[in-house]
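Protein chains in written order, with my numbering: chain A, 5 to 356; chain B, 6 to 643.
Glycine included, C-beta positions come from ideal geometry on N, C-alpha and C.
Everything numeric in this text was worked out from a predicted model, so none of it was measured.
Structure follows, in structure tokens:
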């Protein structure tokens with residue numbers, strides 16, 4: 005990839021970031037009284053105007069709005085990747101793979117439950133065009149065998165087969181999740197390696213992704229400690245710490261903590277200690293997400309590498325979408341604005 | 006060339022004569038009313054007139070009727086001495102009733118039309134349904150829902166293909182949605198509603214009707230057509246009513262507006278019993294006319310006095326200049342009019358502005374173009390700036406004769422100089438840069454000294470002898486400035502020309518005396534005015550303040566003088582731009598030369614006028630002119 009092409013992608017990412025929601029937008033959204041008001045604001049005053057052009061704001065439903073926003077984000081990222089084909093193609097593929105993995109996990113979680121229809125209704129139809137999986141076939145799958153049949157011919161078949169054949173009625177979801185995440189990790193490594201910039205992008209990108217991997221691992225480890233009182237070995241079987249930034253010694257120290265609170269305390273001895281200490285703790289996923297967001301923002305602002313900047317932008321956009329989901333759902337279910345605001349992650353200063 | 010002297014006219018008369026007095030004496034453009042309460046002692050018992058304008062409501066009524074009919078009433082001239090017509094109100098009310106009735110009927114028809122159009126829009130989506138609607142609505146065991154489904158959700162319906170209780174009939178589609186109806190057995194209706202709600206189905210409530218949707222649409226189209234015809238007929242009737250009464254309405258409107266404005270003038274009066282007291286300003290040169298008009302009225306007397314000192318700042322100002330200088334009143338007004346006791350600087354601005362412009366722009370041909378443009382703007386477009394542009398163009402032509410420049414050509418006027426016996430053009434701008442800059446400074450020094458002289462005269466006129474003698478723009482400041490200029494000249498002179506004619510001891514001592522006077526200016530001014538508080542309260546503070554003030558004066562003399570270097574700079578800019586044009590034209594490409602000249606004229610004229618205005622407003626006015634006057638605003642009713 006030429007230097008100019010990378011500069012173009014870099015500049016485009018920054019230009020898109022400039023259009024993201026500000027603190028004032030968040031404040032005004034939190035003041036909305038209904039989902040329709042939120043939709044009207046997003047349609048009239050933000051970068052989502054085009055995405056919501058077709059919806060009728062007074063009667064729009066929560067899920068419909070969320071689906072439109074997700075669709076917008078997906079298409080925006082796809083367009084970004086097309087902006088610079090040689091580098092962008094790899095990231096585009098990674099993005100689609102992330103989406104496919106999410107759909108698979110969603111489908112498996114809701115399999116054989118009362119809410120199977122919920123998965124069916126939540127399929128992002130726009131995504132079908134880009135995915136290698138037949139989402140409709142996946143939605144119709146009633147058991148593990150039909151899921152395997154739906155994934156036949158894809159890379160996921162080989163990954164899922166051992167788990168679904170071993171325990172078709174109650175597959176080990178944490179192991180499946182671990183396997184799929186490891187698959188994703190290998191893929192993104194390959195993409196970074198083939199980015200053509202030599203070790204620079206590869207190591208920067210890997211370093212960037214390590215933080216995200218660590219945050220996921222720490223959250224799962226904490227949950228297992230708190231609710232299942234799992235020991236270190238049980239946690240290691242379900243969580244892969246080797247792809248993260250933490251050293252073996254630091255990982256052992258964390259996993260050997262007798263309680264979840266002790267695990268949190270031992271985090272201060274890790275590179276993430278200060279980041280966790282700066283926040284008010286609500287729940288572990290929230291804290292982990294905030295640390296990941298800060299890291300993404302820092303990387304986005306200071307990295308000079310187009311590939312890494314693109315990855316960071318993807319996470320920042322994802323975070324904004326998550327914020328909007330919190331707001332929409334909070335307003336829909338009549339949560340007080342202050343409570344909703346606590347869930348939001350990012351720069352919510354109204355001067356922004 | 007002065008500020009027109011104003012007289013304060015104080016009029017007393019019977020209250021019944023107030024309107025005739027106003028109508029005959031106060032509305033012809035040479036009388037500015039002033040609040041009479043300020044010119045009379047409250048102890049005399051005069052109180053302001055508190056009346057409600059009886060014409061306003063009638064004017065509003067006409068405006069309302071005109072708005073309903075979509076017409077703008079016209080104002081025309083009215084005859085003098087007009088009195089209100091007592092039947093106007095009755096006629097107007099009757100007219101209002103007729104138009105309002107049409108308007109109400111039209112509104113009802115418009116509402117019906119809107120309903121039909123909405124219904125048509127709804128039914129349009131379901132025109133594909135080939136079943137009579139009454140048979141669908143009368144189903145006993147089947148529930149039906151009309152609405153629209155996003156296309157993405159419609160794709161998900163395939164997943165319910167095996168569900169026997171759901172049936173969706175698409176009727177039409179748009180780019181993003183499919184319109185149709187779904188049917189479900191009564192016992193499954195709730196579940197069906199839940200499924201379709203999850204698919205973001207938006208229910209549409211269509212009005213009840215008989216027949217198939219396409220038949221309903223045809224019927225609606227017919228109705229819409231009839232309604233539109235009826236509305237059009239009403240609009241025509243409304244316009245006919247208005248047009249048949251246009252003359253009378255416009256006449257009434259004009260009269261009412263005139264009477265209303267005349268009535269508003271009564272607010273300035275104060276009354277006591279059946280007498281009124283009224284004041285206003287009249288230019289002194291119009292007093293004879295005013296006197297003649299008042300003398301023709303019984304029951305009204307007046308006296309005209311000069312404004313007292315406490316009203317000096319509030320006296321309105323009307324400039325009176327020779328026709329030659331009158332266009333520059335626009336420039337002076339831009340900064341601010343002189344107060345009644347100040348000097349009118351319009352002639353000074355006229356001369357200095359054209360001089361400055363002429364020096365900076367200096368080109369005969371381009372100046373001629375500006376002259377023509379200015380004349381066109383003044384005579385054809387009635388633009389005030391037009392005259393100024395024309396003068397500037399003329400001055401530029403004179404400047405061009407000095408520089409020998411004709412549309413950028415430096416040699417085309419040589420024949421003229423030879424004809425008058427000169428060897429060549431008087432001044433080679435691009436070859437004598439130093440000389441140009443020295444001349445610029447000299448012009449600046451001259452203008453600064455002139456502005457100080459104006460300030461001295463104005464200060465004496467306003468009984469501010471202290472400022473006139475000891476101020477930074479007064480005599481002391483002028484002497485100090487002149488000594489500074491002499492020092493600089495001596496410095497430059499002595500290098501080349503031997504001893505300077507003026508002794509350094511002389512100008513040195515004058516400068517010293519002047520600066521001491523400047524330093525003591527606050528004290529000396531108070532002493533001259535015979536004020537008892539001439540002693541400063543705090544000597545240290547006084548010394549510090551005076552020091553910094555004198556420092557600031559000296560700095561301003563220097564900076565304002567140096568500012569005039571721009572005169573020479575813009576001459577060089579002009580020359581440089583034309584050199585660039587000729588360089589681009591290479592072998593005399595006439596198109597490039599013409600376009601280049603047009604560009605230079607436009608750009609340079611703009612820059613030069615801005616710079617000239619800046620020099621006037623900042624370097625010159627800051628020394629001699631405040632511009633705190635208030636424009637004379639006489640009442641003029643036609």
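Counting the other Cβ atoms within 10 Å of the Cβ of residue 210 of chain B gives fewer than 16, which makes it exposed. Taking a 10 Å sphere around the C-beta of residue 425 of chain B, we find fewer than 16 other C-beta atoms and assign the residue as exposed. At a C-beta separation below 8 Å, residue 207 of chain B has these neighbours in chain A: 60, 63. Interface with chain A (7 Å Cβ-Cβ cutoff): residue 157 of chain B is included. Straight across, the Cα-Cα distance linking residue 357 of chain B with residue 574 of chain B is about 18 Å. Taking a Cβ-Cβ cut-off of 8 Å, the neighbours of residue 164 of chain B in chain A comprise 124, 140, 143, 144, given in sequence order. Beta-bridge partners assigned by DSSP to residue 325 of chain B: B:7. The DSSP-derived three-state label of residue 479 of chain B is coil. With fewer than three CB-CB distances shorter than 8 Å, the stretch 161 to 178 of chain B does not count as touching the stretch 105 to 121 of chain B. Residue contact with chain B for residue 107 of chain A: absent (no Cβ-Cβ distance below 7 Å to any residue of chain B).
Contact between residue 10 of chain A and residue 310 of chain A holds, with the beta-carbon distance rounding to 4 Å and staying under 8 Å.
Any Cβ of chain B closer than 7 Å to the Cβ of residue 129 of chain A would place that residue at the interface, and such an atom is present.
Residue environment: residue 565 of chain B is assigned as buried (16 or more neighbouring CB atoms within 10 Å of its CB, all protein chains considered). Between residue 516 of chain B and residue 488 of chain B a beta carbon distance of about 4 Å is seen, short of the 8 Å cut, so the two are scored as contacting.
Counting of Cβ neighbours within 10 angstroms places residue 355 of chain B among the buried residues, the total reaching 16 or more. Collapsing the DSSP output to three states places residue 211 of chain B in coil.
Taking 7 Å as the threshold, the shortest C-beta distance from residue 254 of chain A to chain B does not fall below it. For residue 152 of chain B, the enclosing beta strand (DSSP E) starts and ends at 147 to 155. Under the rule that a run must span 4 or more residues, the alpha helix (DSSP H) segments found entirely inside the stretch 363 to 448 of chain B read 369 to 384, 389 to 408, 419 to 424. Counting only Cβ-Cβ distances below 7 Å, residue 160 of chain B has contacts in chain A at 129, in chain order. Put simply, the backbone Cα of residue 101 of chain A is about 22 Å away from that of residue 329 of chain A. Residue 31 of chain B carries a coil assignment under DSSP once its states are collapsed to helix, strand and coil. Residues of chain A with a Cβ closer than 7 Å to the Cβ of residue 181 of chain B are, in chain order, 58. Residue 218 of chain B: member of the alpha helix (DSSP H) spanning 218 to 249, first to last residue.
The contact set of residue 68 of chain A on chain B, defined by CB atoms closer than 8 Å, consists of 155, 205 in chain order.
For residue 37 of chain B against residue 638 of chain B, the beta-carbon gap comes to about 5 Å, under 8 Å, which counts as contact. Between the C-alpha atoms of residue 38 of chain A and residue 264 of chain B there is a straight-line separation of about 56 Å. The continuous beta strand (DSSP E) containing residue 37 of chain B extends over residues 37 to 39. Secondary structure of residue 182 of chain B (DSSP, three-state): strand. Its chain contains 349 as the residues whose beta carbon lies nearer than 6 Å to that of residue 293 of chain A, once the 5 sequence neighbours on both sides are disregarded; these appear in chain order.
Residue nearest to residue 78 of chain B within the set B:474, B:359, B:257 is B:257 (criterion: CA-CA distance).
In this chain, residue 206 of chain B is not harboured by any beta strand (DSSP E), its DSSP state being neither H nor E. Looking only at A:216, A:332, A:264, the smallest Cα-Cα distance to residue 246 of chain A is reached by A:216.
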